[in-house]
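Some notes on the structure that comes next.
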Amino acid sequence: MIVTRAAAAARAAAALLLVAALLVPCGARAADAPGISHYGLDAAKSALEFTFMQAGAANKGRFTRFQVGFDFSADNLAASRLDVTIEMSSADTGDQERDDTLKGADLFAAAKFPQAHFAASQINRTASGYEAVGKLTIRGVTRDARVPFSFRTATENGAAVGYMSGKTSVRRLDYGVGQGDWKATDQVGNDVTVSFTLRLIAH
Amino acid sequence: MAVRNTEHRWGALAQLFHWLIVVLVIVQVTLASLADDLPPSARKVALLARHKSVGITILMLVILRLLWRSLNLTPLLPDTLKPYERFLARFTHAALYVLLFAMPLSGWMMSSARGFPVSWFGFFTLPDLVPKDKSLYATLLTTHETLAWVLGAVVTLHVAAALKHHFMLRDNVLRRMLPFTTTPGPKA
Chain G
1 MIVTRAAAAA RAAAALLLVA ALLVPCGARA ADAPGISHYG LDAAKSALEF TFMQAGAANK
61 GRFTRFQVGF DFSADNLAAS RLDVTIEMSS ADTGDQERDD TLKGADLFAA AKFPQAHFAA
121 SQINRTASGY EAVGKLTIRG VTRDARVPFS FRTATENGAA VGYMSGKTSV RRLDYGVGQG
181 DWKATDQVGN DVTVSFTLRL IAH
Chain A
1 MAVRNTEHRW GALAQLFHWL IVVLVIVQVT LASLADDLPP SARKVALLAR HKSVGITILM
61 LVILRLLWRS LNLTPLLPDT LKPYERFLAR FTHAALYVLL FAMPLSGWMM SSARGFPVSW
121 FGFFTLPDLV PKDKSLYATL LTTHETLAWV LGAVVTLHVA AALKHHFMLR DNVLRRMLPF
181 TTTPGPKA
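In structure tokens:
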């Protein structure tokens with residue numbers, strides 16, 4: 001009797017486990033999807049830069065503080081995700097006066113909108129690599145955005161790492177970056193090129 | 001009016017260079033003083049962008065002007081000048097040419113040291129003359145502003161001398177740089 005009861009309990013437990021195993025991949029948590037690796041940013045070996053036209057010449061800046069979450073499997077793009085959060089106050093164009101102006105109310109308004117955010121829940125394969133399709137929020141304005149990128153993995157000192165790089169163009173006025181006379185695009189261009197080379201570490 | 005200079009008169013091209021640069025220097029002073037009073041703003045960026053473009057234009061014109069001068073006669077100074085006046089005239093003109101080079105060059109260097117590449121009206125971007133360097137920028141800013149005051153002083157001397165020649169000495173020194181006038185001889 002005891003043996004039979006124990007066997008029944010074991011069978012019930014096995015059935016529950018099976019149901020759970022079937023349910024989880026369909027659930028909201030991509031983190032548990034099969035084959036997916038979870039990557040975080042190696043900030044010291046990563047760069048997020050932007051290039052803009054000022055007074056007819058190309059000028060460069062970068063963000064020194066940002067976070068990246070990347071859940072990825074080349075064989076399971078449906079469950080792959082990219083999430084980037086940028087601290088706007090970390091913008092550095094190499095000129096204090098310009099940086100202060102950039103973070104001010106008419107441009108980034110970093111005090112009111114401290115972060116920019118890109119959340120992609122769709123990753124597509126393209127001819128030259130991948131493309132993250134999602135929502136980009138800057139200065140409180142959210143718009144659809146596509147960010148093409150390349151990605152390769154490597155094993156370094158026994159650790160799984162990934163290298164991601166890409167470039168995209170953002171029209172600053174689409175996000176209200178430029179109020180008042182900064183709406184003019186003759187001296188500060190509307191198109192801003194954002195490029196990134198990231199070293200990611202699987203965890 | 002002839003295109004080339006004669007012994008007694010500046011030709012059309014030399015006059016064009018002279019007066020065009022006069023107008024552009026006035027534009028430069030205006031743009032710089034307008035921008036100077038402004039806080040960082042799009043308007044300030046626009047004014048300074050134009051100031052830089054016009055400055056590079058002056059630099060190009062001064063190079064062409066000196067080339068043309070070297071291929072041409074230089075009208076003679078009046079015989080009536082005393083040796084020190086002759087020296088002062090030569091010195092003032094040399095100083096003007098040096099300053100017309102030094103102003104745009106120090107401005108261009110200053111922009112490079114600040115880390116702001118110089119564009120010529122958006123058509124092309126000039127190479128950086130010096131690497132980005134904060135203290136060098138501060139030095140060049142002071143240099144550029146000091147040279148502007150020196151230029152102002154030398155121009156004042158130049159204008160005063162031209163007016164003296166015209167109204168007191170009554171010779172043709174001013175008239176021979178003016179279009180729409182005739183200058184018959186060395187001592188009209």
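These protein sequence lines map, in sequence, to chains G and A. Note that the numbering used here has the first sequence beginning at 1, numbered continuously upward. Note that the numbering used here has the second sequence beginning at 1, numbered continuously upward. Ideal Cβ placement from N, Cα and C applies to all residues, glycine included. Model, not experiment: these values are computed from the prediction.
Candidates A:26, A:61, A:64 and A:67: which alpha carbon is nearest residue 51 (chain A)'s? Checking every option, the nearest Cα to that of residue 51 (chain A) belongs to A:26.
Helix, strand or coil at residue 122 (chain G) according to DSSP, with G and I counted as helix: Residue 122 (chain G): strand per DSSP, three-state reduction.
For residue 36 (chain G), the three-state DSSP class (helix, strand or coil): Annotated three-state conformation of residue 36 (chain G) is coil, per DSSP.
8 Å contact criterion, which residue 132 (chain G) and residue 200 (chain G) should meet: CB distance rounded: Incorrect: roughly 13 Å between the Cβ atoms, too far for contact.
Counting Cβ pairs, one atom from each stretch, are 3 or more of them under 8 Å apart for the segment 150-157 of chain A and the segment 118-130 of chain A? The segment 150-157 of chain A and the segment 118-130 of chain A do not touch, with fewer than 3 CB-CB distances between them shorter than 8 Å.
Cutting at 7 Å between CB atoms, please list the residues of its own chain near residue 129 (chain A), excluding the five before and the five after it. Excluding residues up to 5 positions away in sequence, 108, 109 and 112 lie with their Cβ nearer than 7 Å to the Cβ of residue 129 (chain A) in the same chain.
My guess is that residue 107 (chain G) and residue 177 (chain G) are in contact by the Cβ rule of under 8 Å, so how many angstroms apart are they, rounded? So it is a contact: roughly 6 Å between Cβ atoms.
To the nearest angstrom, report how far apart residue 55 (chain G) and residue 34 (chain A) are at their CA atoms. Near 17 Å, if we compare the C-alpha coordinates of residue 34 (chain A) and residue 55 (chain G).
To the nearest angstrom, how far is it from the Cα of residue 165 (chain A) to the Cα of residue 78 (chain A)? Cα to Cα, the separation comes out at about 10 Å.
So which of A:161, A:69, A:136 and A:137 has the shortest CA-CA distance to residue 6 (chain A)? Per the Cα distances, A:69.
Comparing the C-beta of residue 91 (chain G) with each C-beta of chain A, is any distance below 7 Å? By the rule that beta-carbons nearer than 7 Å mark a contact, residue 91 (chain G) does not touch chain A.
Does the structure place the segment 104-122 of chain G close enough to the segment 168-188 of chain G that three or more beta carbon pairs sit under 8 Å? They touch, by the three-pair rule.
Measuring only the C-alpha atoms, how far is residue 32 (chain A) from residue 47 (chain A)? The alpha-carbon atoms of residue 32 (chain A) and residue 47 (chain A) are separated by roughly 8 Å.
If I'm right that residue 197 (chain G) touches residue 90 (chain G) with Cβ under 8 Å, what's the distance once you round it to whole angstroms? The beta-carbon distance between residue 197 (chain G) and residue 90 (chain G), rounded to whole angstroms, is 17 Å. This is too long to meet the 8 Å contact definition.
Using C-beta distances below 8 Å, list every residue in its chain close to residue 181 (chain A), excluding the 5 sequence neighbours before and after it, in chain order. Counting only Cβ-Cβ distances below 8 Å, and skipping sequence neighbours, we find 175.
Compute the distance between the beta-carbons of residue 93 (chain G) and residue 117 (chain G), then report whether it is under 7 Å. Taking 7 Å as the Cβ cut-off, residue 93 (chain G) and residue 117 (chain G) do not qualify as a contacting pair.
Against chain A: residues of the segment 128-157 of chain G by CB proximity under 7 Å: Going along the segment 128-157 of chain G in chain order, one finds no residue with a Cβ nearer than 7 Å to chain A.
To the nearest angstrom, how far is the alpha carbon of residue 29 (chain A) from that of residue 36 (chain A)? Going by the C-alpha atoms only, they are around 10 Å apart.
I'd like to know if residue 254 (chain G) contacts chain A, where contact means its C-beta is closer than 7 Å to some C-beta of that chain. This structure cannot settle anything about residue 254 (chain G), because the visible part of chain G is limited to 1 through 203.
Could you work out which residues of chain A lie near residue 190 (chain G), taking near to mean beta carbons separated by less than 8 Å? Within chain A, no residue comes near residue 190 (chain G); the closest Cβ sits about 13 Å away, beyond 8 Å.
Which class does residue 187 (chain G) belong to by DSSP, given the choice of helix, strand or coil? Coil at residue 187 (chain G), not helix or strand.
For the beta strand (DSSP E) that residue 12 (chain A) lies in, which residues bound it at each end? Note, residue 12 (chain A): premise wrong, no beta strand (DSSP E); alpha helix (DSSP H) at 12-36.
Amino acids of chain A, ordered along the chain, whose beta-carbon sits closer than 7 Å to that of residue 94 (chain G): Using a Cβ-Cβ cut-off of 7 Å, residue 94 (chain G) is close to 115 and 132 of chain A, given in chain order.
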